[in-house]
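Take a look at the structure below.
In this note's numbering, the protein residues as written are 1 to 360.
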């Protein structure tokens, strides 16, 4: 079995030469590191870069984040998905202001008390920003360690993750913990890949890796199968009167809470009846391309319609201009392609409207 300290020595040597040039690696500011770590959860590095820069330009301090208006906050996050992350981050910022006088605590256990910060994020902030000997074990790290040690434990189990945290942390006292943690993450993200074959030919740890020696890398990590996602079937409408677009706010709890959406009904509802119930008494309906969007636990299968409203009474919607959509309203990525196709139809109809909608 390879020695952990020997692994970490060779890994950090590799990391210093081959690490990617990323903006959050140029700072020890705990707030900046915290923002990057939350953004990077289940999101690609290249997608995060512009969001990270823009977010810190708009909200440069913990105080700014704590005091930000929710619409501004959600607009800054628009397209990143998993909006509960930024809501939790603002709640944690308010905790920092109230409990720690606006200073992010240089203490692993204190970090764990903050909303939305679990063992991995606490370990990352503590080790990178404050050089504390704390492990930061995510999916990348679990995959790397499982392959090196040919570990058959299920990485989906909390006890497996906890065991690796303890083993790694024991060895961290002899190293720069932040550098080791980042090196492990980097190896998992760029070499010991999750999908497809790992790049064993350029791995700095292949001489130690039991899975490489046994030619069994694709058997690791061991992880129990996820439950199948729930499927929902929706009829989604791009509603316009030629000057404005109809949107509505989702409920305060649940999926995409408090975000703005395009009007929709279940597919088994008759669309003309739904339109009438919305106060739209006359409209032209043009079918658009169907769309599919996958969330963590649910899939949306969407039939989509361009609806040119000819006559309406009071409707339960907020009517906005394209400019307002760009500047003020956070619109989930699930509706991005529907918006784009709807705007294309408007252009074809000779209506001078433009909408720039960015998502990941």
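Built from N, CA and C at the ideal position, the CB exists for glycine as well.
Through-space distance from residue j to residue i, alpha-carbon basis
i, j, result
"residue 112", "residue 100", "13 Å"
"residue 50", "residue 281", "43 Å"
"residue 220", "residue 189", "15 Å"
"residue 9", "residue 58", "39 Å"
"residue 328", "residue 82", "19 Å"
"residue 228", "residue 296", "10 Å"
"residue 340", "residue 87", "27 Å"
"residue 322", "residue 333", "16 Å"
"residue 243", "residue 284", "15 Å"
"residue 314", "residue 91", "36 Å"
"residue 319", "residue 247", "6 Å"
"residue 64", "residue 174", "37 Å"
"residue 116", "residue 230", "25 Å"
"residue 69", "residue 6", "49 Å"
"residue 273", "residue 160", "53 Å"
"residue 255", "residue 107", "33 Å"
"residue 114", "residue 96", "8 Å"
"residue 266", "residue 347", "28 Å"
Residue closest to residue i, alpha-carbon to alpha-carbon, out of the options
i, options, result
"residue 298", "331, 234, 339", "234"
"residue 76", "259, 16, 94, 337", "259"
"residue 152", "47, 311, 211", "211"
"residue 294", "335, 271, 196, 181", "335"
"residue 252", "116, 67, 84", "84"
"residue 218", "272, 179, 18, 150", "150"
"residue 62", "204, 80, 105, 309", "105"
"residue 40", "80, 11, 215", "80"
"residue 214", "102, 17, 245, 200", "200"
"residue 278", "309, 163, 326, 97", "309"
"residue 163", "119, 179, 37, 250", "119"
"residue 144", "11, 317, 325", "11"
"residue 43", "96, 93, 78", "78"
Chain-order list of residues whose beta-carbon lies under 8 Å from that of residue i (same chain, five-residue window excluded)
i, result
"residue 420", "Lying outside 1 to 360, the shown extent of the chain, residue 420 is not represented and no answer is given."
"residue 185", "136, 138, 140, 141"
"residue 236", "262, 263, 264, 291, 302, 303, 304, 305, 335, 338"
"residue 182", "15, 19, 25, 128"
Cβ distance (whole Å) where residue i is taken to contact residue j below 8 Å
i, j, result
"residue 202", "residue 191", "6 Å"
"residue 169", "residue 133", "7 Å"
"residue 93", "residue 66", "4 Å"
Proximal residues to residue i (C-beta, below 7 Å), its chain only, five neighbours per side dropped
i, result
"residue 223", "154, 155, 156"
"residue 290", "302, 303, 304"
"residue 35", "52, 55, 56"
"residue 2", "148, 208"
"residue 177", "127, 131, 132, 133, 134"
Contact set for residue i: own chain, Cβ-Cβ below 6 Å, skip 5 residues either direction
i, result
"residue 306", "238, 286, 288, 342, 345"
"residue 74", "330"
"residue 198", "192, 217"
"residue 312", "279, 280"
"residue 121", "37"
Minimum Cβ-Cβ distance from residue i to chain D less than 8 Å
i, result
"residue 230", "Among the chains in the structure shown there is no chain D, since it carries only a single protein chain."
Return the chain-ordered ranges of every alpha helix (DSSP H) run that is complete within the stretch 147-177 and spans a minimum of 4 residues.
-> 158-172
Could you pull out every unbroken alpha helix (DSSP H) segment of at least 4 residues lying fully inside the stretch 109-141, listed in chain order?
-> 119-130
Length at least 3, wholly inside the stretch 197-265: the beta strand (DSSP E) runs in chain order = 230-240, 245-249
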